[in-house]
Amino acid sequence: VKIKEEKCMYCGNCFTVCPPISIKDAERDGLAIVVGGKVNSLRTNPKLSKIVIPYISNEPPRWPKVVAAIKHIVEVYAKNARKH
1 VKIKEEKCMY CGNCFTVCPP ISIKDAERDG LAIVVGGKVN SLRTNPKLSK IVIPYISNEP
61 PRWPKVVAAI KHIVEVYAKN ARKH
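Shown next, in the form of structure tokens:
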């Protein structure tokens, strides 16, 4: 599989054909952090996750911004969570 960069939309369809292929965009790669949500609809309606941080740039291998953001989210949740 050869990717024509000028036509690539980063949809990932080529990755399904050839998983070892490297798909990345150094300028725009990143991740989003979502929290909450529930897919189960047995007793209640499904609930969607909320986007807490829409974009954090990718900084491998230790991802310091991501770790700091997740620590902050967990600390705020623990501080404000109901006990029961």
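First residue of the sequence shown? That's 1 in UniProt numbering, and the numbers climb one at a time after it. Note that CB positions come from ideal geometry on N, CA and C, so glycine has one too.
Legend entry - Three-way DSSP call (helix, strand, coil) for Lys47 in this model: If you number the sequence shown from 1, residue 47 lands on position 47. Strand.
Legend entry - Three-state secondary structure assigned by DSSP to Ala78: Numbered from its first residue, the sequence shown carries residue 78 at position 78. It is helical.
Inset, instruction - List the endpoints of the continuous alpha helix (DSSP H) containing Val17. - result: Translated into the one-based positions of the sequence shown, residue 17 becomes position 17. Unbroken alpha helix (DSSP H) run through Val17: 13 to 17.
Legend entry - Residues that Ser57 bridges to, as DSSP identifies them: Position 57 of the sequence shown, counted from the first residue, corresponds to residue 57. Gly30.
Inset, instruction - Taking the CB atoms as reference points, tell me whether Cys11 and Ile3 lie closer together than 8 Å. - result: If you number the sequence shown from 1, residue 11 lands on position 11. If you number the sequence shown from 1, residue 3 lands on position 3. Against a cut-off of 8 Å, the Cβ pair of Ile3 and Cys11 comes out as no contact.
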